[in-house]
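Enquirer: First the structure, then my questions, so here it is.
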Amino acid sequence: MTPDLSLVDLSWLAMAAYAVHILEEYTFDWRNWARGVIGLPVEWPDFYVTNSVVVALGIAQGMLAPTLPWAPLTYAALMLINACFFHILPFVATRGRFSPGLVTAVVLFLPLGIAIFAAAAAAGRLDFVTATGAVVGGALLMASPVVMLKLKDKPYFVQRRG
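In the numbering used here, the protein residues as written are 131 to 292.
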């Protein structure tokens, strides 16, 4: 990344990177990979809805970047967590089995995520509390659809037609 890109510029690039990432995951059948490799009970509608939310959050963080630095920092943390724990780590753990989304995770998510944190620090908008909140927020955003997928078939959450 060039040093003259602002936090706002980088936040919009992060949104664009996520769009390309979604395309890679869809094209290379992330659903079947997720079911087979990480045991996630995901269907294509789950993928579509979850990624629609990610796009909406990407637009929101881009718009909020000028006044709320924790928004792009949280999105960057989401990208970094996604890259490391849902693409790189499974790739290593399966001894090289391709993870749909791996290329964009490595080529786009890692450098952009790091660049967003660096830009916030260079602008004097990053402190320990903000960084910690962003990482916790990113982790919660990453975990929430996974947790909901695991819970949706539990009796308490099943909505019966009556």
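Glycine included, each C-beta is placed from N, C-alpha and C at the ideal position. No experiment lies behind these values; they were computed from the predicted model shown.
(1) So, is Q191 buried or exposed, given that buried needs 16 or more other C-beta atoms within 10 angstroms?
(2) Please classify F287: is it buried, with 16 or more other beta-carbons within 10 angstroms of its beta-carbon, or exposed?
(3) Mind checking whether F239 and M209 have CB atoms under 8 Å apart?
(4) Taking C-beta to C-beta, are L242 and L140 nearer than 8 Å?
(5) For W200, does the count of other Cβ atoms within 10 angstroms reach 16, so buried, or fall short, so exposed?
(6) Ignore the nearest five residues each way along the sequence and tell me which others in A326's own chain have a CB closer than 8 Å to its CB.
(7) Grouping DSSP H, G and I as helix and E and B as strand, with all else coil, what is G169?
(8) Which same chain residues, not among the five before or five after A253, have their C-beta less than 8 Å away from its C-beta?
Expert: Let me spell this out:
(1) Around the CB of Q191, 16 or more other CB atoms lie within 10 Å, so the residue is classed as buried.
(2) exposed
(3) In contact: F239 and M209 (Cβ atoms closer than 8 Å).
(4) yes
(5) buried
(6) Absent from the model: residue 326. The displayed extent of the chain is 131 to 292, so no value can be given.
(7) coil
(8) Same-chain partners within the cutoff: S136, L137, P199.
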